[in-house]
Structure formats: C-alpha cells, structure tokens
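A short write-up of the structure that comes next.
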Amino acid sequence: MSPCQRPAEGNSVPEPEDLRSRNGELRVDLTIRNNAVDGTTRYCYLDANGNQSPNLRLKRGDLLILKLKNELTEPANVTANDSHHHMDAKSKGSGCPSDSMTATSTNVHFHGLTVPPVCHQDDVLKTSISPGDAPFEYKFRIPENQPPGLYWYHPHIHGFTKVPVLGGASGALIVEGIESANKEVAGLPERVLIIRDQDLLNPNAPPSKSEPVLPKMLIDRDGDAANNGTGFGKPAKDLSINFVPVPYPNYPPAAIKMKPEERQLWRVLNASAISYLNLAVLFNRVPQPLGLVALDGIPLNQNGTSGDLVSWQTHLGVPPGARVEFILKGPPLGQRGLLVTRTVDTGPGGENDPNRALATITSSEDAPEPRSKLATSPKPLPPVSLPWLGDVTPVRTRKLYFSEKLLEANNPNSAVEFYITVDGQTPAPFDPRPGIPNIVAKQGTVEDWIIENRSNELHAFHIHQLHFMLLDYLGLPVNEPFLRDTVNVPYYTDRALTYPSVRLRMDFRDPNAVGTFVYHCHLLEHEDGGMMGLIRVEPADVPGREQTR
Ligand SMILES: [Cu+2]
Numbered sequence: 011m012s013p014c015q016r017p018a019e020g021n022s023v024p025e026p027e028d029l030r031s032r033n034g035e036l037r038v039d040l041t042i043r044n045n046a047v048d049g050t051t052r053y054c055y056l057d058a059n060g061n062q063s064p065n066l067r068l069k070r071g072d073l074l075i076l077k078l079k080n081e082l083t084e085p086a087n088v089t090a091n092d093s094h095h096h097m098d099a100k101s102k103g104s105g106c107p108s109d110s111m112t113a114t115s116t117n118v119h120f121h122g123l124t125v126p127p128v129c130h131q132d133d134v135l136k137t138s139i140s141p142g143d144a145p146f147e148y149k150f151r152i153p154e155n156q157p158p159g160l161y162w163y164h165p166h167i168h169g170f171t172k173v174p175v176l177g178g179a180s181g182a183l184i185v186e187g188i189e190s191a192n193k194e195v196a197g198l199p200e201r202v203l204i205i206r207d208q209d210l211l212n213p214n215a216p217p218s219k220s221e222p223v224l225p226k227m228l229i230d231r232d233g234d235a236a237n238n239g240t241g242f243g244k245p246a247k248d249l250s251i252n253f254v255p256v257p258y259p260n261y262p263p264a265a266i267k268m269k270p271e272e273r274q275l276w277r278v279l280n281a282s283a284i285s286y287l288n289l290a291v292l293f294n295r296v297p298q299p300l301g302l303v304a305l306d307g308i309p310l311n312q313n314g315t316s317g318d319l320v321s322w323q324t325h326l327g328v329p330p331g332a333r334v335e336f337i338l339k340g341p342p343l344g345q346r347g348l349l350v351t352r353t354v355d356t357g358p359g360g361e362n363d364p365n366r367a368l369a370t371i372t373s374s375e376d377a378p379e380p381r382s383k384l385a386t387s388p389k390p391l392p393p394v395s396l397p398w399l400g401d402v403t404p405v406r407t408r409k410l411y412f413s414e415k416l417l418e419a420n421n422p423n424s425a426v427e428f429y430i431t432v433d434g435q436t437p438a439p440f441d442p443r444p445g446i447p448n449i450v451a452k453q454g455t456v457e458d459w460i461i462e463n464r465s466n467e468l469h470a471f472h473i474h475q476l477h478f479m480l481l482d483y484l485g486l487p488v489n490e491p492f493l494r495d496t497v498n499v500p501y502y503t504d505r506a507l508t509y510p511s512v513r514l515r516m517d518f519r520d521p522n523a524v525g526t527f528v529y530h531c532h533l534l535e536h537e538d539g540g541m542m543g544l545i546r547v548e549p550a551d552v553p554g555r556e557q558t559r
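Number 559 marks the last residue of the sequence shown (this note's numbering); no jumps.
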C-alpha cells in the first residue's frame, strides 16, 4: 500500500492532526516515507498513528523531542539539476557530523525558529539521516522569546530539497499564544492551511475553455511552463491545500465550511517548492478584507508601539517559505466565497503562476467548528527585552546579489547555475564541503544587508536562525514594525536603470544564532542549484575586552 495517501480533488479541506505539548513537553515520532505515483514521487511525514504532516503545537519554553525515522527509497523524478550535486555518499556515515547528502538522506529544518544551528537542534549542514538508520533525535526548547505564530518543518539536504518538498514533505509548527500578542484574535477559531505545489497531474491538457486563447506555451529551462505574464495558461506546478489537489486545467476548488459571518484566524503557510502565492478571498467576485496580524510567525505589532495592530488588505503576496496569518469573516448565509491565488509576475525567466481557485467557502449554521480555538482572555505577552531592531545602529552594511549563469553561454537550453554572492566575492554555486563562511558576523550586533536581484526572475531571500526587518523595498523606505524570515526580491529587466533590491536589518543579537548556518533563495530548485551561502556568527566579545575592537 502506498504510505502517502492524498485526498481526492474537490474534497473538503481536512485539518492536519494537532500534536500538542503537555506539561512543557512534546514528544513526536515521525517517519518520512515516499512512493511513486504516475511518474512523480509523493513524500510524507507520518506520526505514530499514521497521520500525515501533523501540526506540532508548543508553547514558548516547551521542549520538543522529535524522533525521525528515514524510510525513503530512491525517488522516480530526480532531475539532472538534482543529481549533479551528488556527493560522495560513502565519505562519512550518517547522523551528525555527516556529509552523506543524497537523494534518500534526510534531515529537518525548523523554519523561522531561533534555535541553535547545532546537531540535534537546527543544523542542516552536518546532519544527514540515511534509510535504515536508527531514529534520529531532535531535541530543543522553543525559546522563551520566540514570537508566537506559524513556523514550519521540512527537509533541507543541500541539492535534494526540491523533490521531497514538492512531494509533500512539510508540516506546520505553531508556537502558541498569538492571542496574547494581539487581543484582536482572542477567542477566534483558527484554521491551519498549508498550500503546497506538486508536479502537474494533467501536464498535457490544454487550458480550460473558459480561458483566453494564448500564444504557444513556452517551457523554461527547468522544464516548467514559463511565465507568460497574462495570468492564464499552464502553471509551472499544481497547487494543493492541506493535500487536496486543485489541478490544472479546471482547478476544481477544495471545500471549506464556515458558520455565517464567523470570524476565524487563518494561518496560511506557502510550503511550495517554487510557486508564489497572492491570496485573496472573493464574495461575488469582490475581494474581501483580510485582517493581517502576523507574517512569518511574527505578530505585526512586534515593535511594541502599535497596539493590537490589524492590517486590512485585499490580497496577500506569499513567497515560497513565508506565512501569513489573517482574520477572515466568512460569507453571510446563502453566499459563497472563493479563496484564490491571483497571478504573480515572476519575471521573464520565472515560472508561470496564473490565477486559480483554491477553495470554495460555504456558510451554513451547522458548519463544524475548526478543532482549535484561541483563548478568550489571554494573559498579555511579557514585553520584548531587547530594543526594537529598527532603533539599533548597524555595525556595517553588506551587499549581496542573486544571479544566474548558463553553463554554456550560447546555449539557452543548457543547465543553469544559481548564485547568491557577497559583493566583491566570486560568484560560485554553494559548496558545503570547505565550510568557509562567506560572511562572518558577531553575536550582539546588527547589520544592514542590501540584497540585489541581477537575474530576470523573482527570488525569495531566506536566512536560518533569525528574523530581519525590511527597511527598504525597491529603494523606498518601508520600515515595517515587524520582522520577516523570507522576503521577495523583485526581478531585473534590462530596461531598469539599477538592479532591484531590498534593504534588510539583520539581527545577530540572540545568542542562539551563534554558529554556522545558511542563507538562500527559497525557490528550492534555485537553492538546490547553488543559490545558497554560508554565514558564521561568532560569540560576542568577552565583556571587558570590547573596547579593544
Ligand atoms: Cu531563487
């Protein structure tokens, strides 16, 4: 029997099983498995009861003990791009330290958590678990100062990240207590929605008859449908919502039921390997207000000055890896809503992310309540102990840039290398072996980083272990009152006078960020193709010696 069963299209959106900490501890046994279906490979995390991708729910300060068993087999759809990163599988054993990074080895990255980048916690550089190994134990505490919100887990073996994530290897980790950070969500029922992408179920189908006729479909260098800039046509990947597929070409929506005009907190993770989302909820085709309260796990009022901040938007852009948490008021009785993703212009070199439906929202008095509800009268969170990042003077400014290179300059169909380069260094695909950091920072400091995009497609900058503040976007100050861990960087065209960029304030103050870890593009075929760099955060200067710097 295939272990990674999936709901049928058009099904109601199931809620992932909740695994909650008790008495300050959550013990979880997960097995990662895969199976081939129609030329693609599904992946799943299964808990001891066979639930796929359970929600891990912990409070600040709780201990997570996660034992991971690897039961992977060789996937059917390893591409050239993935296999050219094959490393010497026999050089060192598995566990950690290990450099046996193969298509069947695995590990876990806890995206967004500020836990140390060390073995058995959140290291992805030296941790590799092979099939047949004894269960590998992850064990760490959710930091007391981790903002409450939506985080997630997924494998992070360099060169082999896209295939398992595209296959469904991802799940939510929720740090409880968002209602303590923002009273506006107190008492609301909450719903965890994980949007994943996957290989097209109907790759050879013509577009739906309801769509305008487009010029010939183009294929990009990765073999996906290239961005046509129209909002229509074949997408690069299909999407699913809590594993209910919504396949091209007709996008039969999944189903969500709500009580009439009920307010709920929707916690949405874009766990796609490469697909961007631009979410909207339509009633009678009219976009409804979405009350954004948190982004990338961080409450919008994180800087402490804005009270119970709710930012009302009609659409929310969500790059791969990012999260949005928003208040939605359901449709009145008798009206039907539609959760959609609007088209994202990924650039001339990007993939096609067209308009498509994800789920219908129907209202009825007897609609079941979501399983989880936020506390009605929460205790307020203790104030953040460190000064607001926006008020701290950076010790330096660095510039990094995303770029791409055809391996054969005159052959547009040749393989592509993907780089993220510190300005002044030589562009090179990420190589984990030498272990020489591209950047050395010091704990206790903050730095400003300018991230440029010198390629003609979007990239999503992500760094492990810490969050950053978005200072400028395309040269314009935004100075957001909250932090992110993943940010879109607009694409370059040769009509532009300068390379598009974002300016970020990087926070190296937390001692948990000491160590060696990575930053990369969260479009996983770019990451696998080399768009990753290494940073070492050194311990703070010994007190009393600081003046010698
Ligand atoms: Cu990228």
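We put the CB at the ideal spot given by N, CA and C, even for glycine.
Item	Value
L533 beta carbon near ligand 1 (any heavy atom closer than 8 Å)	yes
Contact test: H130 Cβ vs ligand 1 heavy atom, cutoff 8 Å	no
Residues that D109 bridges to, as DSSP identifies them	DSSP lists no partner for D109.
Buried versus exposed call for D234 [16 or more other C-beta atoms within 10 Å across all chains shown]	buried
Secondary structure of P297, DSSP reduced to three states	strand
Secondary structure of N10, DSSP reduced to three states	Summary: the structure shown does not reach residue 10, with the chain confined to residues 11 through 559, and so no result is reported for it.
Alpha helix (DSSP H) segment containing K172, residue limits	K172 to G177
Beta-carbon spacing of P165, G307 below 9 Å	no
Pair within 9 Å by beta-carbon distance, Y286 and N498	yes
Distance, H530 Cα to L176 Cα	17 Å
Same chain, Cβ closer than 7 Å to Y502, five either side skipped, listed in chain order	N463, R464, S465, N466, Y509 and P510
7 Å CB neighbourhood of Y55 in its chain, flanking five on each side removed	L40, I42, Q62, S63, A179 and G181
Cα-Cα separation, F428 to R546	21 Å
From M516, P297 and L384, residue whose alpha carbon lies closest to that of D401	M516
Exposed unless 16 or more other CB atoms sit within 10 angstroms - verdict on G187	buried
Between the CA atoms of H130 and P119 - distance to the nearest angstrom	According to the sequence shown, residue 119 is His rather than Pro. Near 11 Å, if we compare the C-alpha coordinates of H130 and H119.
Three-state class that DSSP yields for V497 in the structure shown	strand
H469 CB to nearest heavy atom of ligand 1 below 8 Å	yes
Proximity test, H536 beta-carbon vs ligand 1 heavy atom, cut-off 8 Å	yes
V254 classed as buried or exposed, judged by whether at least 16 other C-beta atoms fall within 10 angstroms	buried
Candidates P299, I205, P141 and H474: closest to I251 by CA position	I205
Contact test: M541 Cβ vs ligand 1 heavy atom, cutoff 8 Å	yes
Closest residue to I167 among A550, G347 and D538 (Cα-Cα distance)	D538
Terminal residues of the beta strand (DSSP E) in which D28 lies	D28 to R30
Any non-hydrogen atom of ligand 1 closer than 8 Å to F440 Cβ	no
Sufficient close CB pairs (3 or more, under 8 Å) joining the segment 278-294 to the segment 391-410	no
Test item: CB-CB of G301 and V328 under 9 Å	no
Whole-number beta carbon distance between S31 and R67, since they are thought to touch under 8 Å	7 Å
With 16 other Cβ atoms within 10 Å as the buried cut-off, status of S382	buried
From D318, A290 and L249, residue whose alpha carbon lies closest to that of S282	L249
Cutoff 9 Å: D401 Cβ touching any chain C Cβ	The displayed structure is made up of one protein chain only, and chain C is not part of it.
Contact check, S213 vs I284, beta carbons under 9 Å	Correcting the residue identity first, residue 213 is Pro in this sequence and not Ser. No, they are not a contact pair.
Proximal residues to T240 (C-beta, below 7 Å), its chain only, five neighbours per side dropped	L224
Assigned secondary structure, K149 (DSSP; H/G/I helix, E/B strand, else coil)	strand
Range of the contiguous alpha helix (DSSP H) that encloses I167	No alpha helix (DSSP H) holds I167; DSSP gives it neither H nor E.
F478 vs I430 beta-carbon contact at 9 Å	no
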